[in-house]
Amino acid sequence: MKSYIFILGRDPELSRKELFAYLKTQKLNYSVQDSSDIALILQLPSINANNLIKDLAGIQKIGIEIDSFDNLYEGTKNKVRFAISNYTNDKSMVDELKNYFKKEGIKATIKKSHHEDQEYLTPSEASSVVEVIQYKNKLFKSLAIFNPKEYKIRDLQRPVQRPLHTISIRLAKFLINLSEVKKNETLLDPFCGIGTILQESLLMNINVIGLDKEKFCIEASKKNIAWLKSRYNIQNSYNLIQSDSRNSDKKISSVDVVVTEPYMGPFMKSFPTEIEIKKILSELVPLYRELLISLQKITKKNIVVITPLFRAKSKRHFKLNIAPFINSHFQADSPILYTTPTSKMHREIWIIRRK
Ligand SMILES: C[S@@+](CC[C@H](N)C(=O)[O-])C[C@H]1O[C@@H](n2cnc3c(N)ncnc32)[C@H](O)[C@@H]1O
20 MKSYIFILGR
30 DPELSRKELF
40 AYLKTQKLNY
50 SVQDSSDIAL
60 ILQLPSINAN
70 NLIKDLAGIQ
80 KIGIEIDSFD
90 NLYEGTKNKV
100 RFAISNYTND
110 KSMVDELKNY
120 FKKEGIKATI
130 KKSHHEDQEY
140 LTPSEASSVV
150 EVIQYKNKLF
160 KSLAIFNPKE
170 YKIRDLQRPV
180 QRPLHTISIR
190 LAKFLINLSE
200 VKKNETLLDP
210 FCGIGTILQE
220 SLLMNINVIG
230 LDKEKFCIEA
240 SKKNIAWLKS
250 RYNIQNSYNL
260 IQSDSRNSDK
270 KISSVDVVVT
280 EPYMGPFMKS
290 FPTEIEIKKI
300 LSELVPLYRE
310 LLISLQKITK
320 KNIVVITPLF
330 RAKSKRHFKL
340 NIAPFINSHF
350 QADSPILYTT
360 PTSKMHREIW
370 IIRRK
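Under this note's numbering, the first residue of the sequence shown is numbered 20, with each subsequent residue one higher.
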């Protein structure tokens, strides 16, 4: 077992839950040594940090604990850029690190964050440097850094885009990992839209089924998946069906997991009034009820579903409580709050597990 640090992104609670769900799915036994909103330190058997960081939405950096700087740099260059990312205001080890490079005969220049008063590098700043993470007087060597460029390519280069109605790649990955779906199992998204959850699942070697009531969306998902297949080595199967999601059980006999962001009412440019919210909820409540009745008939394991949390002009919050629609074969965790700085609406993530 080795000691690894996982630097968490924003949404630390969600990032921790995602990581634990992922490690469980991968059957990687771990023990928690330290946990905060900045980082998790875990004892783990050897991991492939580069694969892990590609699969996880909530982790910015992965590092392995080191006792000293000996053998820190394994490359062959005689000129490197290095950085110390100090997350807990420890006494900086920069001089010791400089001495190490000097002793090794390597010309090393330090890279500092462009963000004023920030003692650590952001993932994009840290991508091509030899980085040491200082955290609570421990030292870690960075093994893998989150690469936002890959997300941008998958989001903005696919042939069909619908920015206002499409789930982010980040949120899609959180949901997929929280479902604890395993390689080669089948995932259903009954509101697939242009196929974001489907595409991210296919990249994780999961078979997918997408449903949408709009022909346009089924065609869009087809095009986007074809594009994905032209860029990545996708081995798993996909099936796209134009249908109302409330009829999922009539179209599909069984799936391992469901992961979805359903229809959540009309797009809002400003905060709605309480009367407007009550009207939207009166449409959404029967949709979610019938949806869950149908999905619980065909799902073998977990259902991960988003519900809206509306913020009214009056600042009051209105939730969509789906607990009454969960039957005796399933049980739900407490929903997890998901907010983004730009969205007029918050979201709750429900994990509904077969008992
Ligand atoms: C919030 S969007 C989902 C976005 C999707 N995750 C994506 O990334 O594109 C909701 C989608 O649900 C579809 N939809 C709305 N009501 C539906 C229903 N009753 N059954 C099936 N699809 C429905 C809409 O056509 C829309 O594409």
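Virtual Cβ for every residue (Gly too), placed ideally from N, Cα, C.
Item, Value
"For P327, which three-state DSSP category applies?", "strand"
"Classify R173: buried if its beta carbon has 16 or more other beta carbons within 10 angstroms, exposed otherwise.", "buried"
"Exposed or buried, S50, counting other C-beta atoms within 10 Å across all chains shown (16 or more means buried)?", "exposed"
"Just grab the DSSP bridge partners of W369 for me.", "V324"
"Pick helix, strand or coil for R100, following the three-state DSSP scheme.", "strand"
"Whose CA, out of L47, Y257, K234, lies closest to the CA of I244?", "Y257"
"Using a 10 Å radius around the Cβ and a threshold of 16 neighbouring Cβ atoms, would you call N321 buried or exposed?", "buried"
"Does DSSP put T292 in a helix, in a strand, or in coil?", "coil"
"Kindly identify the DSSP beta-bridge partner or partners of H336.", "R330"
"Kindly indicate the opening and closing residues of the alpha helix (DSSP H) around K319.", "Neither: K319 is in no alpha helix (DSSP H) and is coded neither H nor E."
"For A342, count neighbouring C-beta atoms within 10 Å of its own C-beta (all shown protein chains included) and say buried if the count is 16 or more, exposed if not.", "exposed"
"Just list the residues that DSSP pairs V276 with in beta bridges.", "L206"
"My output table needs one value for I213: the three-state DSSP class, helix, strand or coil.", "coil"
"Quick check: the segment 39–48 against the segment 111–124, are there 3 or more CB pairs under 8 Å?", "no"
"Taking the alpha helix (DSSP H) that F286 belongs to, which residues open and close that run?", "It is not in any alpha helix (DSSP H) - F286 carries neither H nor E in the DSSP assignment."
"Can you give the Cα-Cα distance for D352 and K297, rounded to whole angstroms?", "26 Å"
"Let me check understanding here. Comparing Cα to Cα, which of W369, K270, K36, N69 lies closest to S54?", "K36"
"Whole angstroms are fine: how far does the CA of Q176 sit from the CA of G82?", "31 Å"
"Measure the C-alpha to C-alpha separation of K334 and F290 and round it to an integer number of angstroms.", "9 Å"
"Alpha carbon to alpha carbon, how far is I24 from Q62?", "9 Å"
"Return yes when the C-beta of F344 is under 7 Å from any heavy atom of ligand 1, and no when it is not.", "no"
"Could you check what DSSP says for T44 in three-state terms: helix, strand or coil?", "helix"
"Which residue wins for smallest C-alpha separation from I325, given the options A239, V277, L206?", "V277"
"Tell me the residue span of the beta strand (DSSP E) that contains F159.", "157–164"
"DSSP beta-bridge partners for Q350?", "R372"
"Using the three-state DSSP reduction, which class does L199 fall into: helix, strand or coil?", "Leu is not the amino acid found at residue 199; the sequence shown has Glu there. Of the three classes helix, strand and coil, the one that applies to E199 here is coil, per DSSP."
"Helix, strand or coil for N266? Go by DSSP, reduced to three states.", "helix"
"Can you list, in chain order, the residues of its chain with a C-beta nearer than 6 Å to that of T107? Leave out the 5 residues immediately preceding and following it.", "Y154, K155"
"From I129 to F165, what distance separates their C-alpha atoms?", "21 Å"
"Around the Cβ of L135, are there at least 16 other Cβ atoms within 10 angstroms (buried) or fewer (exposed)?", "In the sequence under discussion, the amino acid at residue 135 is Glu, which differs from the Leu named in the question. E135 is exposed by the Cβ-count criterion."
"For E293, count the other beta carbons within 10 Å of its own beta carbon; 16 or more makes it buried, fewer makes it exposed. Which is it?", "exposed"
"Can L217 and D208 be called in contact, C-beta distance under 8 Å?", "yes"
"Is D86 buried or exposed, if buried means 16 or more other CB atoms sit within 10 Å of its CB?", "exposed"
"Is there at least one non-hydrogen atom of ligand 1 closer than 7 Å to the beta-carbon of F210?", "yes"
"Based on Cα-Cα distance, which residue from A76, E302, G214, I317 lies nearest to A40?", "A76"
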